[in-house]
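Visitor:
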Amino acid sequence: MLSRMAAHPFEERPHRELMRLAFPVFLSLVAEPLTGLVDTAFVGTLGSSALAALGVAALVMSGLFWMFNFLGIGTQTEVARALGEERRDHARDTLGTALALAVVLGVGLVVFVGPLLGPIAAVMGAEGATREGAVTYLRIRILGAPAVLTTVACLGALRGLQDMRTAMRIAILVNLLNLGLDPLLIFGLGPVPAFGLAGAAAASTVSQYVGAALAIAAVRRSLGASRNWNLERMRSLLVVGRDLFLRTGSLMLFLVLATREATRLGDASGAAHQAVRQVWITTAFMLDAYAAAAQSLVGYFVGSNRMQTARRVARVACTQGLVTGFLIGAAMLGATSWAVQLVSATAAIPFYPAWKLAALAQPINAISFVTDGVHWATSDYRYLRNVMMLATGSVGAVLVGLGAMGKLSLTGVWALLAVWITIRALFGALRLWPGIGAAPLGMRES
4 MLSRMAAHPF EERPHRELMR LAFPVFLSLV AEPLTGLVDT AFVGTLGSSA LAALGVAALV
64 MSGLFWMFNF LGIGTQTEVA RALGEERRDH ARDTLGTALA LAVVLGVGLV VFVGPLLGPI
124 AAVMGAEGAT REGAVTYLRI RILGAPAVLT TVACLGALRG LQDMRTAMRI AILVNLLNLG
184 LDPLLIFGLG PVPAFGLAGA AAASTVSQYV GAALAIAAVR RSLGASRNWN LERMRSLLVV
244 GRDLFLRTGS LMLFLVLATR EATRLGDASG AAHQAVRQVW ITTAFMLDAY AAAAQSLVGY
304 FVGSNRMQTA RRVARVACTQ GLVTGFLIGA AMLGATSWAV QLVSATAAIP FYPAWKLAAL
364 AQPINAISFV TDGVHWATSD YRYLRNVMML ATGSVGAVLV GLGAMGKLSL TGVWALLAVW
424 ITIRALFGAL RLWPGIGAAP LGMRES
């Protein structure tokens with residue numbers, strides 16, 4: 004256990020320690036999308052309707068579970084602070100409350116959302132065999148909701164304890180198990196019949212419950228078991244959930260609006276937008292790893308009342324994120340000729356400027372992500388919510404307005420995406436330097 008009086012490794016080797024924490028998070032984050040690609044390849048052999056059904060169902064499930072990411076973020080912050088305060092009992096009780104809430108919410112998803120999966124698939128545009136396949140997949144995947152939310156809470160606790168490696172191992176093992184079960188349950192072998200698309204869903208659900216068991220065992224080894232939760236602590240976590248739900252909803256709304264406007268410009272622009280967006284999302288995992296590492300370190304130093312060191316974490320994390328953002332952007336620009344092969348010849352014309360704008364925005368994107376992690380660590384959730392709503396409301400209105408007037412191109416869509424990111428990064432940085440408003444970690448005192 005780290006002692007409040009002892010020197011933390013960050014204080015002696017700040018850049019190395021931040022990278023040591025961030026790298027396992029990055030591997031954890033990329034494991035799931037890589038598994039998703041293999042899932043897609045397996046299901047693709049079943050036919051186009053099965054593949055389309057998987058696409059619809061995967062989008063629905065990711066959206067549902069993303070709304071409950073506050074279980075991980077809130078737990079990580081509270082456990083990190085408790086670690087700094089040397090209050091393992093508080094960390095234990097926080098985890099117990101998060102796990103109780105995860106089970107309640109997970110069962111609630113099964114009971115209340117399960118019967119609505121058919122209409123939800125229809126709203127997503129699925130019809131006929133595609134809709135039938137999507138509903139079959141969703142009905143099996145939704146059964147894993149309690150396991151998914153439990154794992155989210157446990158991994159948040161492990162990261163709060165700065166045990167990123169255990170969280171990484173669990174994430175990788177779960178995805179490897181999913182990969183192993185996929186061919187067995189999709190295509191069948193020996194006495195195991197071929198379940199097709201339902202088998203892909205079952206492979207994910209079984210893997211999620213194994214992951215939940217591993218995660219619970221890991222946090223029990225680190226913190227011990229706790230049934231000591233109360234309604235007041237649960238209410239506080241739900242307040243965090245409210246702010247993060249609104250923030251996440253605003254974020255998703257803008258991305259949906261951008262995709263809709265790009266698609267309305269025609270098939271070429273829609274295809275080019277999707278290609279650029281996929282690469283942009285992939286690069287976000289690397290930047291989000293810095294945010295998670297910064298969140299754990301800032302939370303720990305705030306808990307141990309070492310505010311100057313917490314501010315130093317913010318500076319080091321922003322510096323490393325900025326450098327990484329420049330490197331990613333340079334790599335994207337250098338790979339332009341290769342990247343254009345992701346789209347057809349007709350889509351290449353709108354692809355070039357959109358790709359370059361996405362590359363140039365990477366350093367700004369880095370500041371946006373890293374400052375999010377710092378502000379999560381200080382429980383500044385309402386501020387982050389308001390900034391996201393401001394960015395989405397203002398830039399989203401311009402986006403829709405220009406689209407309605409027919410004065411929008413794919414270059415314009417990505418220029419507005421860059422403005423949206425810049426607003427978030429600017430307000431995230433200003434909350435630290437000099438520290439606008441009631442800034443918990445404002446740098447005026449530095």
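At position 55 of the sequence shown the residue is numbered 58 (this note's numbering), and the sequence of numbers has no breaks. Where a beta carbon is used, it is the ideal one built from N, C-alpha and C, also for glycine. Nothing here was measured: the structure is a model prediction, and the numbers come from that model.
#1: Distance, Cα to Cα, L176 vs A228?
#2: So who's on the other strand from L420, going by DSSP bridges?
#3: Alpha carbons only, please: which of V377, A361, W436 and G131 is nearest the one belonging to I424?
#4: Rounded to whole angstroms, how far is the Cβ of G77 from the Cβ of V243, which I believe are closer than 8 Å?
#5: Just to confirm the assignment: which complete alpha helix (DSSP H) runs, minimum length 4, are found wholly within the region 81 to 164?
#6: Tell me whether the region 383 to 393 and the region 237 to 256 touch, counting them as touching only if at least three CB pairs, one residue from each stretch, are closer than 8 Å.
#7: Compute the Euclidean distance between the alpha carbons of E448 and L217, then round it to the nearest angstrom.
#8: Have a look at L164, A156, M64 and G131 and flag the residue whose alpha-carbon is nearest the alpha-carbon of L86.
#9: Would you kindly check if the distance between the Cβ of L200 and the Cβ of A53 is under 8 Å?
#10: With distances taken Cα to Cα, identify the nearest neighbour of V373 among T322, P356 and P437.
#11: Quick test of your reading: G202 and L180, contact by CB under 8 Å. State the CB separation rounded to the nearest angstrom.
#12: Would you mind sorting W379 into buried or exposed? The rule is 16 or more other CB atoms within 10 Å of its CB.
#13: Using three-state DSSP, classify L192 as helix, strand or coil.
#14: Going by DSSP, what residue range makes up the alpha helix (DSSP H) through T322?
#15: Which stretch, first to last residue, makes up the alpha helix (DSSP H) that contains V213?
#16: Once DSSP output is grouped into helix, strand and coil, what is the label at T425?
#17: Are there 16 or more other CB atoms within 10 angstroms of the CB of D270, so buried, or fewer, so exposed?
#18: Among residues of its own chain, excluding the 5 on either side of D299, which ones have a beta-carbon nearer than 7 Å to its beta-carbon?
#19: Can you list, in chain order, the residues of its chain with a C-beta nearer than 7 Å to that of T286? Leave out the 5 residues immediately preceding and following it.
#20: Going by C-alpha to C-alpha distance, which of M310, K359 and L290 sits closest to G328?
#21: Exposed or buried, what is P149 when buried is set at 16 or more other beta-carbons lying within 10 Å of its beta-carbon?
#22: Have a look at V107 and A441 and give me their C-alpha separation to the nearest angstrom.
#23: If you follow the alpha helix (DSSP H) that L21 is part of, which residue opens it and which one closes it?
#24: Tell me the DSSP secondary structure of D166 in three-state form.
#25: What is the DSSP secondary structure of I439, reduced to helix, strand or coil?
#26: Taking R238 as the reference, give the member of A296, F73 and P36 with the closest Cα.
#27: Between the C-alpha atoms of A292 and R91, what's the straight-line distance to the nearest angstrom?
#28: On the DSSP letters alone, give me the boundaries of the alpha helix (DSSP H) that T285 sits inside.
#29: Measuring only from the beta carbon, is M64 closer than 7 Å to any heavy atom that is part of the ligand NAD?
#30: In whole angstroms, give me the CA-to-CA distance for L104 and G337.
#31: Tell me the DSSP secondary structure of S449 in three-state form.
#32: For F304, count neighbouring Cβ atoms within 10 angstroms of its own Cβ and tell me buried if that reaches 16, exposed if not.
#33: For L62, which residues in the same chain have their Cβ closer than 8 Å to its Cβ, ignoring the five residues on either side in sequence?
#34: Excluding five sequence neighbours on each side, which residues of the same chain lie with their C-beta closer than 6 Å to the C-beta of R168?
#35: Could you give the DSSP three-state label for R434: helix, strand or coil?
Guide: So, from the data block:
#1: Numbered from its first residue, the sequence shown carries residue 176 at position 173. Numbered from its first residue, the sequence shown carries residue 228 at position 225. Distance between the alpha carbons of L176 and A228 is about 23 Å.
#2: Looking up residue 420 in the sequence shown gives position 417. Answer by DSSP bridge pairing: none, since L420 is not bridged.
#3: The residue labelled residue 424 in the question sits at position 421 within the sequence shown. Ranking V377, A361, W436 and G131 by Cα distance to I424 puts A361 first.
#4: On the sequence shown, residue 77 is found 74 positions in, with the first residue counted as 1. On the sequence shown, residue 243 is found 240 positions in, with the first residue counted as 1. Rounded, the Cβ-Cβ distance is 4 Å, consistent with contact.
#5: Taking only runs of at least 4 residues, the alpha helix (DSSP H) segments lying wholly in the region 81 to 164 are 91 to 111, 120 to 126, 131 to 144 and 148 to 163.
#6: These segments touch.
#7: As a working mapping, residue 448 is identified with position 445 in the sequence shown. As a working mapping, residue 217 is identified with position 214 in the sequence shown. In this predicted model, E448 has a pLDDT of only 46, less than 50, meaning its place in the structure is not dependable; the value taken from the coordinates is given anyway. Answer to the nearest angstrom: the Cα atoms are 43 Å apart.
#8: Mapped onto the sequence shown, residue 86 falls at position 83. Considering only alpha carbons, the answer is L164.
#9: Counted from its first residue, the sequence shown places residue 53 at position 50. Counted from its first residue, the sequence shown places residue 200 at position 197. Against a cut-off of 8 Å, the Cβ pair of L200 and A53 comes out as a contact.
#10: Taking the first residue of the sequence shown as position 1, residue 373 is located at position 370. Relative to the Cα of V373, the nearest Cα in the group T322, P356 and P437 belongs to T322.
#11: Within the sequence shown, residue 202 is the residue found at index 199, counting from 1. Within the sequence shown, residue 180 is the residue found at index 177, counting from 1. In fact, because the Cβ distance is near 14 Å, the residues do not count as touching under 8 Å.
#12: To locate residue 379, count along the sequence shown from 1; it is residue 376. Here W379 is buried. Its C-beta has 16 or more other C-beta atoms within 10 Å.
#13: In the sequence shown, counting from the first residue as 1, residue 192 sits at position 189. Three-state DSSP puts L192 in a strand.
#14: Start at 1 with the first residue of the sequence shown, and residue 322 comes out as number 319. The continuous alpha helix (DSSP H) containing T322 extends over residues M310 to G337.
#15: Residue numbering aside, residue 213 sits at position 210 when the sequence shown is read from its first letter. From DSSP, the alpha helix (DSSP H) with V213 extends over L200 to L226.
#16: For the purposes of this step, residue 425 is taken as residue 422 along the sequence shown, with counting starting at 1. T425: helix per DSSP, three-state reduction.
#17: Reading the sequence shown from its first residue, position 267 is the one you call residue 270. By the neighbour-count rule (16 or more Cβ atoms within 10 Å), D270 is not buried but exposed.
#18: In the sequence shown, counting from the first residue as 1, residue 299 sits at position 296. It should be pointed out that residue 299 corresponds to Ser in this sequence rather than to Asp. Closer than 7 Å at Cβ, skipping near neighbours: L24, Q79, A83, R162, G163 and Q165.
#19: To locate residue 286, count along the sequence shown from 1; it is residue 283. The beta carbon of T286 sits closer than 7 Å to those of I331 and Q365, all from its chain and outside the five residues before and after it, given in chain order.
#20: Sequence index remark: in the sequence shown, residue 328 carries index 325 (1-based). Residue L290 is the option with its Cα nearest to G328.
#21: Numbered from its first residue, the sequence shown carries residue 149 at position 146. With 16 or more other Cβ atoms within 10 Å, it is buried.
#22: For the purposes of this step, residue 107 is identified with residue 104 of the sequence shown, where counting begins at 1. For the purposes of this step, residue 441 is identified with residue 438 of the sequence shown, where counting begins at 1. Near 34 Å, if we compare the C-alpha coordinates of A441 and V107.
#23: Residue 21 sits at position 18 when you count from the first residue of the sequence shown. Element bounds for L21: P17 to G47.
#24: Residue numbering aside, residue 166 sits at position 163 when the sequence shown is read from its first letter. Of the three classes helix, strand and coil, the one that applies to D166 here is coil, per DSSP.
#25: Taking the first residue of the sequence shown as 1, we reach residue 439 at position 436. Note: I439 maps to coil in three-state DSSP.
#26: Translated into positions along the sequence shown, residue 238 becomes position 235. Checking every option, the nearest Cα to that of R238 belongs to F73.
#27: Counted from its first residue, the sequence shown places residue 292 at position 289. Counted from its first residue, the sequence shown places residue 91 at position 88. About 25 Å.
#28: Counting from 1 along the sequence shown, the entry for residue 285 is found at position 282. Secondary structure note for T285: its alpha helix (DSSP H) is the uninterrupted segment D270 to G306.
#29: Of the ligands one can find in the structure shown there are none, so the ligand NAD has no counterpart to examine.
#30: Sequence index remark: in the sequence shown, residue 104 carries index 101 (1-based). Sequence index remark: in the sequence shown, residue 337 carries index 334 (1-based). If I take the Cα positions, the gap works out to 47 Å.
#31: Stepping through the sequence shown from its first residue, residue 449 is reached at position 446. Because S449 sits at a pLDDT of 42, beneath the cut-off of 50, its placement in the model cannot be relied upon, and the following sentence gives the value as read from the coordinates. Note: S449 maps to coil in three-state DSSP.
#32: The count along the sequence shown starts at 1 and reaches residue 304 at position 301. With a 10 Å radius around the Cβ and a threshold of 16 neighbouring Cβ atoms, F304 comes out buried.
#33: Looking up residue 62 in the sequence shown gives position 59. Excluding residues up to 5 positions away in sequence, M127 lie with their Cβ nearer than 8 Å to the Cβ of L62 in the same chain.
#34: Against the sequence shown, residue 168 aligns to sequence position 165. Contacts found: P27.
#35: Your numbering for residue 434 matches position 431 in the sequence shown. Looking at R434 - three-state DSSP - the assignment turns out to be coil, as it is neither helix nor strand.
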